[in-house]
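Structure record follows, encoded as structure tokens.
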Amino acid sequence: YSCRSLCFNALEAELKKTGRVSVPECAALVFQVYIIEVIDGEHRWTVKHRYSDFHDLHEKLTAEKKVDRRLLPPKKILGKNSKSLVERRQKELELYLQTLLQQFPEATPTPLACFLNFHLYEINGITAALAEELFHKGEQLLQAGEVFSLCPLQLYSVSQQLRLAKPTCCNGDAKTDLGHILDFTCRLRYLKICGTRGPVGTSNIQESCLPFDLSIFKSLLQIEISECSSQQIQGLSSLRPSLATMSIHRSTETMMSILVPEASEFSQWEPEGVESSCPVTAVIPVWRNLTTLDMSHNCISTIDNSVKLIRKVEFLDLSYNQLSSVENLQHLYNLVHVDLSYNSLRVLEAAHTRLGNIKTLSLAGNQLDRLTGLTKLYSLVNLDLSHNQLAQLEEIRNIGSLPCLEKLNLSSNPMCIIPDYRTKVLAQFGDRAAEVCLDSKVTTEKELDTVEVLKAIQKAKEVKDRMSSSDKKVKSVRLKPADFVYLYILSLWCLFSLTNPESYCRGFIILT
Numbered sequence: 001y002s003c004r005s006l007c008f009n010a011l012e013a014e015l016k017k018t019g020r021v022s023v024p025e026c027a028a029l030v031f032q033v034y035i036i037e038v039i040d041g042e043h044r045w046t047v048k049h050r051y052s053d054f055h056d057l058h059e060k061l062t063a064e065k066k067v068d069r070r071l072l073p074p075k076k077i078l079g080k081n082s083k084s085l086v087e088r089r090q091k092e093l094e095l096y097l098q099t100l101l102q103q104f105p106e107a108t109p110t111p112l113a114c115f116l117n118f119h120l121y122e123i124n125g126i127t128a129a130l131a132e133e134l135f136h137k138g139e140q141l142l143q144a145g146e147v148f149s150l151c152p153l154q155l156y157s158v159s160q161q162l163r164l165a166k167p168t169c170c171n172g173d174a175k176t177d178l179g180h181i182l183d184f185t186c187r188l189r190y191l192k193i194c195g196t197r198g199p200v201g202t203s204n205i206q207e208s209c210l211p212f213d214l215s216i217f218k219s220l221l222q223i224e225i226s227e228c229s230s231q232q233i234q235g236l237s238s239l240r241p242s243l244a245t246m247s248i249h250r251s252t253e254t255m256m257s258i259l260v261p262e263a264s265e266f267s268q269w270e271p272e273g274v275e276s277s278c279p280v281t282a283v284i285p286v287w288r289n290l291t292t293l294d295m296s297h298n299c300i301s302t303i304d305n306s307v308k309l310i311r312k313v314e315f316l317d318l319s320y321n322q323l324s325s326v327e328n329l330q331h332l333y334n335l336v337h338v339d340l341s342y343n344s345l346r347v348l349e350a351a352h353t354r355l356g357n358i359k360t361l362s363l364a365g366n367q368l369d370r371l372t373g374l375t376k377l378y379s380l381v382n383l384d385l386s387h388n389q390l391a392q393l394e395e396i397r398n399i400g401s402l403p404c405l406e407k408l409n410l411s412s413n414p415m416c417i418i419p420d421y422r423t424k425v426l427a428q429f430g431d432r433a434a435e436v437c438l439d440s441k442v443t444t445e446k447e448l449d450t451v452e453v454l455k456a457i458q459k460a461k462e463v464k465d466r467m468s469s470s471d472k473k474v475k476s477v478r479l480k481p482a483d484f485v486y487l488y489i490l491s492l493w494c495l496f497s498l499t500n501p502e503s504y505c506r507g508f509i510i511l512t
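Be aware that the sequence shown starts at 1, since it is given in the UniProt record's numbering, and climbs by one per residue.
Structure below.
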């Protein structure tokens, strides 16, 4: 371990009670806890230790013949809790630690580094601890193909270590060599990076403010990043050749900062393989193998033209953002699943021109009150419209003719309080009513019977309208013989097939 700018504030001592226990001749146990403040450059943290911890540290150091046994102030039995003794010992222990640090200016012994929590907060200690972990478990983790988790502080420490003109192993222990980390990251396929809100542990370190470089990962297929700042993420573009799945949460305000981080350097750019009539200053490589992009739970307000670089994406999740419109998705020809739930969408006009041939579309949790823009999504199989502002059953006609729709969720909309809501919605699908699963509930036989009656009522209304169309500048309209036969048979069917015909009396009135 290397202590480049480590120093200590004065140690503080405080009395703490562990609580009362039933021990002969002892009513309470009291001991001193020394609070050590460690400062390393701009970072600082605190460590709490009892005198016994100092004693254990000293035993380890003397066993390794690194320090003089007489350096640690001796243990006191009588008057150990007196204020004067505590204050004197505080100064003695501070001097003890300062002496140790001066004695080992280049490579801090492992026991001392652990005592001061270097493995949690200090760059060299963090990388050494990670290197030793991967020395023991690296191959096993790679063979298992499991997701490996790192925090921004660890990646920051590795990035900083690589910039230092120092040996990759400062303390002489081969297990802590930085090479173990680089070998592992070069072959790792599945990575998760999760930051923290607020300071890390007892330190003042804010992980969201720490830059880190992802270019050390050469074989990643999947990455998940959360609670990081996109402005601090470096080397994302190096993942374009291999990455297949990318998830970014609570980390960005724009898609551009993730998909085209280098865009800020150029006034005009185009993705590779696209001919442009306008002069460009840069040609940006595309994400060659990216098929799944999850950027939910961010603060994205627009779908910018950076999506031109993710042509192979099939699954796109932009839920829980701040979108008010849907743009630029016409560039994604392979889209199958799109999640735009819990945004700020009020209307979708001509959605088929941007959403192409998608099969699953989630629009839950928006402010939609009309469905006119969904009429031509002919390949749609699953549609989630729950938690919107849909109040009129007539809006269902806009999706009632979609030939492939099988699952429809309209729950938690104003229209759900309408009497016989389910059957009236299913009736909009005509002969396909039995194929549609509404609100995650399979359509029952009774509902299908009701749907048939509603269809019959609708047919009767149409016939009645034909009979009374004198106000439409038509001289006369006469029923065809087939219409009379249809009405007669329909009336008989309604009378004898329904188990509860009273509920359909309104239909019979119309028929007559």
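A virtual CB, placed ideally from N, CA and C, is assigned to each residue, including glycine.
Predicted model only: the values in this text are computed from it and were never measured.
{"Check": "Buried/exposed call for Asp177, threshold 16 Cβ in 10 Å", "Outcome": "buried"}
{"Check": "Beta-carbon proximity list for Asp213, same chain, < 6 Å, skipping 5 on both sides", "Outcome": "Ser159, Gln234 and Gly235"}
{"Check": "C-alpha distance - Asp431 paired with Lys359, whole-angstrom precision", "Outcome": "21 Å"}
{"Check": "Alpha-carbon to alpha-carbon, Pro403 and Asn413", "Outcome": "24 Å"}
{"Check": "Short Cβ contact (9 Å threshold) for Lys312 with Arg288", "Outcome": "yes"}
{"Check": "Expected contact under 8 Å - CB spacing of Asp317 and Asp339 to nearest Å", "Outcome": "4 Å"}
{"Check": "Phe315 (DSSP reduced to helix, strand or coil)", "Outcome": "strand"}
{"Check": "Rounded C-alpha distance that separates Lys83 from Lys48", "Outcome": "19 Å"}
{"Check": "DSSP bridge partner residues for Leu441 (one or two, in chain order)", "Outcome": "Reading off the sequence shown, one finds Lys at residue 441, where the question assumed Leu. Beta-bridge pairing links Lys441 to Leu438."}
{"Check": "Length of the line joining the Cα atoms of Leu374 and Phe148", "Outcome": "41 Å"}
{"Check": "Buried versus exposed, by CB contacts within 10 Å (16 or more), Ala144", "Outcome": "exposed"}
{"Check": "Span of the beta strand (DSSP E), counted from its first residue to its last, around Gln231", "Outcome": "Where Gln231 is concerned, there is no enclosing beta strand (DSSP E), given that its DSSP letter is neither H nor E."}
{"Check": "As assigned by DSSP and simplified to three states, the class of Cys3", "Outcome": "Bear in mind that a pLDDT of 38 at Cys3, under 50, signals an unreliable position, so the number given afterwards is only what the model happens to contain. The answer is coil: DSSP assigns Cys3 none of H, G, I, E or B."}
{"Check": "Length of the line joining the Cα atoms of Leu93 and Asp173", "Outcome": "28 Å"}
{"Check": "As assigned by DSSP and simplified to three states, the class of Tyr342", "Outcome": "coil"}
{"Check": "Range covered by the beta strand (DSSP E) that runs through Leu150", "Outcome": "Phe148 to Leu150"}
{"Check": "Ile417, buried or exposed, once every other Cβ within 10 Å from all chains shown has been counted against 16", "Outcome": "exposed"}
{"Check": "Spatial distance of Gln103 from Ser230 (CA atoms)", "Outcome": "41 Å"}
{"Check": "Sub-9 Å separation of Ile225 and His249 beta-carbons", "Outcome": "yes"}
{"Check": "Nearest neighbour of residue 513, chosen from Leu323, His58, Gln32 and Glu270 [CA to CA]", "Outcome": "Any answer about residue 513 is impossible in this case: the structure gives the chain only from 1 up to 512."}
{"Check": "Spatial distance of Leu405 from Val436 (CA atoms)", "Outcome": "7 Å"}
{"Check": "Asp40, buried or exposed, once every other Cβ within 10 Å from all chains shown has been counted against 16", "Outcome": "buried"}
{"Check": "Residues near Gln389 by beta carbon distance below 6 Å, same chain, minus five either side", "Outcome": "Gln367 and Asp369"}
{"Check": "C-beta atoms of Lys407 and Leu385 nearer than 9 Å", "Outcome": "no"}
{"Check": "Contacts around Arg354, its chain only, beta-carbon distance under 6 Å, and the 5 residues preceding and following it disregarded", "Outcome": "Val326, Leu329 and Gln330"}
{"Check": "Candidates Ser251, Glu207, Ile258 and Glu270: closest to His43 by CA position", "Outcome": "Glu207"}
{"Check": "Supposed contact pair Phe115 and Leu57 - C-beta distance, whole angstroms, cut 8 Å", "Outcome": "5 Å"}
{"Check": "Identified DSSP bridge partners for Pro199", "Outcome": "Gln206"}
{"Check": "Inter-residue spacing [alpha-carbon to alpha-carbon] between Val477 and Leu410", "Outcome": "With a pLDDT of 46 at Val477, under the threshold of 50, the modelled position of that residue is not reliable, and no figure is offered here."}
{"Check": "Where Pro261 falls: helix, strand or coil (DSSP)", "Outcome": "helix"}
{"Check": "Backbone secondary structure at Phe429 - three-state DSSP", "Outcome": "coil"}
{"Check": "Three-state class that DSSP yields for Pro271 in the structure shown", "Outcome": "strand"}
{"Check": "Test item: CB-CB of Tyr34 and Gln98 under 9 Å", "Outcome": "no"}
{"Check": "Segment limits, beta strand (DSSP E) that includes residue 513", "Outcome": "Here the chain has residues from 1 to 512 only, and residue 513 is not among them."}
{"Check": "Proximal residues to Leu61 (C-beta, below 8 Å), its chain only, five neighbours per side dropped", "Outcome": "Val67, Leu100, Pro109, Pro111 and Leu112"}
{"Check": "Met246, DSSP secondary structure in three states", "Outcome": "strand"}
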